[in-house]
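2 protein chains.
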Amino acid sequence: MRPTTSKRTTRAQSSTADPAALATTLAERRPEDIVDLLNQNKSGFVAAVLLALPEAKAVAVLDQPRLRHGAGIVSMMPPDRAARLLDQMSADRVADVVREMRVSVRNDLLVLVGAETKSALESLLPYPEDCAGAIMTTEFVAVPSDWTVEQVLAHVRAVEHTRETVYAIYVLDPQHGALRAAVPLRRLIGADPKGNVLGAAADLQPLAIAPDAPLDEALRLISKYNLLALPVVDVEQHLIGIVTVDDAVDTLVARQNAEVQHFGGMEPLSEPYMRIGFFELLRRRAGWLCALFLAEMLTASAMQTYEAELEKAIVLSLFIPLIMSSGGNSGSQATSLMIRALAVREVHLGDWWRVMLRELPTGIFLGAILGVLGATRIAAWQLLGLFDYGLHWMLIALTIAVALVGIVTFGSLTGSILPFILKRLGFDPATASAPFIATLVDVTGIVIYFTTASVILRGTLL
Amino acid sequence: MRPTTSKRTTRAQSSTADPAALATTLAERRPEDIVDLLNQNKSGFVAAVLLALPEAKAVAVLDQPRLRHGAGIVSMMPPDRAARLLDQMSADRVADVVREMRVSVRNDLLVLVGAETKSALESLLPYPEDCAGAIMTTEFVAVPSDWTVEQVLAHVRAVEHTRETVYAIYVLDPQHGALRAAVPLRRLIGADPKGNVLGAAADLQPLAIAPDAPLDEALRLISKYNLLALPVVDVEQHLIGIVTVDDAVDTLVARQNAEVQHFGGMEPLSEPYMRIGFFELLRRRAGWLCALFLAEMLTASAMQTYEAELEKAIVLSLFIPLIMSSGGNSGSQATSLMIRALAVREVHLGDWWRVMLRELPTGIFLGAILGVLGATRIAAWQLLGLFDYGLHWMLIALTIAVALVGIVTFGSLTGSILPFILKRLGFDPATASAPFIATLVDVTGIVIYFTTASVILRGTLL
């Protein structure tokens, strides 16, 4: 009953170079599983396989957002065949594919597609990637508010196979076409056939979103209100599209992958780890790693200014890794907290000073806890005779403790405020914060540490 | 048309201590928005508000997974009222609430609830938190395969208001009750009323999952196959529940929050940042921070063993932060890559050696790139007269370059293998990897650095 995706079989099949033979063995499989297999092949081969598949199946495969290089695949087909497939695909997916095409190919194809596809593309293509309009589809069911339940059901039956979802039916004002209600199909089939469609509607104004609203806001509404589809309306409340829950799920999953990879300090991979080329993998990782390395070179410069202090008190160098990692850890903790709080809207840009007011005492407390631990460690090693920190070991312990309070407080404050600054400047905090904070806190940590030392140890070690 | 959640108004309302008055102003709001407001109040007050609301609205509010302390709220109601509300809630949510109750309260209530609720609880409660059974609901529509379309539609109309979803209808074998097909409602309403229900089914065996399968697997299937609901079947293919897409979305969103916070090295917060108590916030952050600090103390121990080398060549200490951060960065990069690859099943536990075979050359290459950058930096500063690294500056540059190759390679290898080990031992790699890898790589980085130095600089500086 589980999906039978035997990797071994599909790989063996894909190595047979005959697209027609492969198409025959694939015809009975689910489109999602066919995608898994085709993704391992070159665009030209995939195009040939799709052309050899029954047309409905080829359309179902092309409709999958997980199919890679969709634009390249379609570009390799004879234009008339390509146009016929595009005409049958769901509008939002056609827009995704066409968006990636070279302009010359795109223009050739747009002459050949049907009027409906063309008008859908005209309304979908203009939206930039990160807004609700970019993942909406125009294939929804809308009816005038003076229809009966019976009329609506007949209409649903007629258009069912060309609509992305029919489970939410949108009721429009018959005069100005403004969105008045959303009717769930489940309510409709139980309602009096002769009654007005509005009788089956929820009594509230439906939730809706503007096409240029952030994608995040669409995801938040769908998740919070458990919607199967969210209407997208223009300023005059005309329904121009819907965002469906399955696109929301796909976006959430893709975003989760990208977020973890960003957090790990790299460009998200476009292909699975095992399949991506060696040099492509290297390129995606080397960029960030080099940027971080160049930034961290500042730590060497910072250290150089304290060479005199280090020569006098070599013991100070022993704690540099410990001090630096504490600053980094407290900073990335505060950063990850704020990234989430901003993303789920628990805090807003204007709340930055409230956050600072919480982080200041939190940082001091956390730093004090670590400071006590650090000083205890030094005292324990000294008194147990495990290591000799010299005559002034108590002052050294004090230096470590005070420096930790300073560094953890600084880390918490910078870590929490940085996502606000990045967001204000128009960057995505999740992408940019982690590397920034590490470098910033490391360099400052060195400065705080040696400044503390020069105050406490003046006249004794320094 | 947007949801009008004016924070100011709702906060003002919640400060009026009269639950009945508040209930009156809330009665017309969406349940999701009522939850936002009630979450700011104590359980006793929330119970009183819910009892004063119209019963259907109270049920809708209790049905929201985002409502906090559901068990506490229900426990504070008179048992007969509580039981009546539970009877009307969706089965999976009742199970979530009852799971959190103190045993005494739970037993009192279970005597009072209806037979249907009781049997739903009996089948839902046994499943542990991280398996498909834990988020499934028993409120699905199932019909025998010898029914006509007309019969099924009549049944759907009759049970619609007590089912979580009616958009997927499950067709069972009339003899043994095994799941035979899933029929989308949209297909059914267009089908011939007199025809057999199986005529409207997709031709393939429906996807299904076992109740003890990992929750992740359910999420993966729902997301990959764009399902509105995934059937859960026992070993004899009897349908025992369904996992709906809205629960999958809720789980994805909650998990994303937890993952980023884990990655930042802390226990995920149970409440929004701005509302959580100061000491609770401290507790969640201090735990990890202290654990990391204690582990990082090993760096001080490692440094102590190289005190003699440091005294002879103080210049070596200048590059410690740079070297350590490079190891940490390459390690966390490799870790985050593998966490994702394992989570989305691009790689499997048995692939560990294949991953090592990729990471070894990748690490050497990345290390070499950083090594060249580092050596160039030293040469540049020396030749431009910005800093004097002494007579043997070329050997120092060589030491840094070689150490970087070793550390980045080690970081990439350990970082990529650690998620495999943690997963094999039964831990969640996403939760546990980040802190482990930092400490491991930091300590080893020091050892690699000084070992390299002692080989290259022997007879000159050391």
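The listed protein sequences correspond, in order, to chains A and B. In my numbering, each number is its position in the first sequence, counted from 1, plus 96. In my numbering, each number is its position in the second sequence, counted from 1, plus 96. Note that beta-carbon positions come from the ideal geometry of N, C-alpha and C, so glycine has one too. Note that the coordinates shown come from a computational prediction; the quantities given were computed from them, not determined experimentally.
Alpha carbon of Ala277(A) to alpha carbon of Leu462(A), nearest angstrom: Along the first sequence, one-based indexing puts residue 277(A) at 181. Along the first sequence, one-based indexing puts residue 462(A) at 366. In a straight line, the C-alpha of Ala277(A) is about 52 Å away from that of Leu462(A).
Check whether the Cβ atoms of Ile318(B) and Val349(B) sit closer than 9 Å, and answer yes or no. Translated into positions along the second sequence, residue 318(B) becomes position 222. Translated into positions along the second sequence, residue 349(B) becomes position 253. No. Outside cutoff.
What does a CB cutoff of less than 7 Å around Ala108(B) pick up in its chain, not counting 5 residues either side in sequence? Translated into the one-based positions of the second sequence, residue 108(B) becomes position 12. Annotation note: pLDDT 39 at Ala108(B) (below 50); position unreliable, coordinate value reported separately. Counting only Cβ-Cβ distances below 7 Å, and skipping sequence neighbours, we find nothing.
So, is the C-beta of Ser139(A) closer than 9 Å to a C-beta in chain B? Residue mapping note: residue 139(A) aligns to position 43 of the first sequence, counting from 1. Taking Cβ atoms only, chain B never reaches closer than 9 Å to Ser139(A), which makes this a no.
Any idea if Gln429(B) is buried or exposed, counting beta-carbon neighbours within 10 angstroms, 16 or more meaning buried? Along the second sequence, one-based indexing puts residue 429(B) at 333. Classification for Gln429(B): buried.
Pairing CB atoms from the region 236-248 of chain A with CB atoms from the region 279-288 of chain A, are three or more of them under 8 Å? yes
Which one of Glu392(A), Leu377(A), Leu388(A) and Met420(A) has the shortest CA to CA distance from Ala396(B)? Reading the second sequence from its first residue, position 300 is the one you call residue 396(B). The option with the nearest alpha carbon to Ala396(B) is Met420(A).
Taking 9 Å as the CB-CB limit, is Asp188(A) close to chain B? If you number the first sequence from 1, residue 188(A) lands on position 92. By this cut-off, Asp188(A) is not an interface position.
Own chain partners of Gln352(B) with C-beta closer than 8 Å, once the 5 adjacent residues on each side are dropped: As a first step, residue 352(B) is located in the second sequence; it is residue number 256 there, counting from the start. Nothing meets the Cβ criterion.
Interface residues of chain C around Ser422(A) at Cβ under 9 Å? Among the protein chains in the structure shown, which are A and B, there is no chain C.
Which term fits Ser508(B), buried or exposed, when burial requires 16 or more other beta carbons within 10 angstroms of its beta carbon? If you number the second sequence from 1, residue 508(B) lands on position 412. Its Cβ being crowded by 16 or more others within 10 Å, Ser508(B) is buried.
So with CB distances below 7 Å, who are the chain A contacts of Ser319(B)? Taking the second sequence and counting its residues from 1, the one referred to as residue 319(B) is at position 223. Within 7 Å Cβ-Cβ: Val345, Asp346 and Val349.
State the Cα-Cα distance for the pair Ala116(A) and Val145(A), rounded to the nearest angstrom. Counted from its first residue, the first sequence places residue 116(A) at position 20. Counted from its first residue, the first sequence places residue 145(A) at position 49. For Ala116(A) and Val145(A), the distance between alpha carbons rounds to 6 Å.
Are Val498(B) and Ile552(B) touching if we call contact CB-CB under 9 Å? Taking the first residue of the second sequence as position 1, residue 498(B) is located at position 402. Taking the first residue of the second sequence as position 1, residue 552(B) is located at position 456. Cβ atoms of Val498(B) and Ile552(B): closer than 9 Å.
When the Cβ atoms of the region 375-392 of chain B are set against those of the region 486-494 of chain A, are three or more pairs found closer than 8 Å? no
Going by DSSP, what residue range makes up the alpha helix (DSSP H) through Ile338(A)? Here residue 338(A) is taken as the residue at index 242 of the first sequence, counted from 1. Note, Ile338(A): premise wrong, no alpha helix (DSSP H); beta strand (DSSP E) at Leu335 to Thr340.
Is Val155(A) helix, strand or coil by DSSP? Position 59 of the first sequence, counted from the start, is the residue given in the question as residue 155(A). The answer is helix: DSSP assigns Val155(A) an H, G or I state.
Per DSSP, Tyr266(B) is paired with what? As a first step, residue 266(B) is located in the second sequence; it is residue number 170 there, counting from the start. The partner list for Tyr266(B) (beta bridge, DSSP) reads Ala238(B) and Ala278(B).
Helix, strand or coil for Lys103(A), going by three-state DSSP, please let me know. For this step, residue 103(A) is matched to residue 7 along the first sequence. Note that Lys103(A) has pLDDT 42, beneath the 50 cutoff, so the model's placement of it is unreliable and the number below is only indicative. In this structure, Lys103(A) counts as helix in the three-state DSSP scheme.
Using a threshold of 9 Å, state whether the C-beta atoms of Thr208(B) and Asp176(B) are closer than that. As a working note, residue 208(B) is residue 112 in the second sequence. As a working note, residue 176(B) is residue 80 in the second sequence. The amino acid occupying residue 208(B) in the given sequence is Leu; Thr does not appear at that position. Yes, the Cβ-Cβ distance between Leu208(B) and Asp176(B) is below 9 Å.
Span separating the alpha-carbon of Gln400(A) from that of Ala354(A): Position 304 of the first sequence, counting from 1, holds the residue named residue 400(A). Position 258 of the first sequence, counting from 1, holds the residue named residue 354(A). Roughly 37 Å between the two C-alpha positions.
Short Cβ contact (9 Å threshold) for Ser200(B) with Met172(B): Translated into the one-based positions of the second sequence, residue 200(B) becomes position 104. Translated into the one-based positions of the second sequence, residue 172(B) becomes position 76. Cβ distance not < 9 Å, so Ser200(B) and Met172(B) don't count as in contact.
Endpoints, the beta strand (DSSP E) within which Ala325(A) is located: As a first step, residue 325(A) must be located in the first sequence, where it is residue number 229. Taken as a continuous stretch (DSSP letters only), the beta strand (DSSP E) holding Ala325(A) covers Ala325 to Val329.
Assuming Leu203(B) is part of the alpha helix (DSSP H), what are its boundary residues? The residue given as residue 203(B) occupies position 107 in the second sequence. Leu is not the amino acid found at residue 203(B); the sequence shown has Asn there. Start and end: Val199 to Leu208.
Terminal residues of the alpha helix (DSSP H) in which Arg164(B) lies: For the purposes of this step, residue 164(B) is identified with residue 68 of the second sequence, where counting begins at 1. First-last for Arg164(B): undefined, no H or E at that position.
Can you tell me where the alpha helix (DSSP H) with Asn425(B) in it begins and where it stops? In the second sequence, counting from the first residue as 1, residue 425(B) sits at position 329. Asn425(B) -> alpha helix (DSSP H) spans Ile416 to Ala439.
Here's the rule I'm using: 16 or more other beta-carbon atoms within 10 Å means buried, otherwise exposed. How should Ser215(A) be labelled? For the purposes of this step, residue 215(A) is taken as residue 119 along the first sequence, with counting starting at 1. Ser215(A) comes out exposed.
Short of 9 Å Cβ to Cβ, which residues in the region 528-554 of chain B face chain A? Ala530, Pro531, Ala534, Thr535, Asp538, Val539, Gly541 and Ile542
Residues of chain A with CB under 9 Å from Thr458(B), in chain order? On the second sequence, residue 458(B) is found 362 positions in, with the first residue counted as 1. Per Cβ cutoff of 9 Å: Phe374, Leu377, Leu378 and Arg381.
Hey, Phe389(B) and Tyr545(B): beta-carbon distance below 9 Å or not? Taking the first residue of the second sequence as position 1, residue 389(B) is located at position 293. Taking the first residue of the second sequence as position 1, residue 545(B) is located at position 449. For Phe389(B) and Tyr545(B), no; Cβs fall outside 9 Å.
Are the region 300-314 of chain A and the region 327-335 of chain A touching by the rule of at least three beta carbon pairs closer than 8 Å? yes
Closer than 9 Å, CB to CB, is Met562(B) near chain A or not? Residue 562(B) is absent from the structure shown; chain B starts at 97 and stops at 558.
Got a sec? Which residues, its chain only, sit under 6 Å from Gly467(B) by beta carbon, not counting five neighbours each side? As a working note, residue 467(B) is residue 371 in the second sequence. Taken in chain order, the residues that qualify are Ala497, Leu500 and Val501.
Kindly indicate which three-state DSSP category Asn322(B) falls into: helix, strand or coil? What you label residue 322(B) is simply residue 226 of the second sequence in a count that begins at 1. DSSP places Asn322(B) in coil when its eight states are reduced to three.
Would Ala396(B) pass as an interface residue toward chain A - the criterion being a Cβ-Cβ separation below 9 Å? Stepping through the second sequence from its first residue, residue 396(B) is reached at position 300. Answer yes: the Cβ-Cβ gap between Ala396(B) and chain A drops below 9 Å somewhere.
Buried versus exposed call for Asp114(A) [16 or more other C-beta atoms within 10 Å across all chains shown]: Numbered from its first residue, the first sequence carries residue 114(A) at position 18. It counts as exposed.
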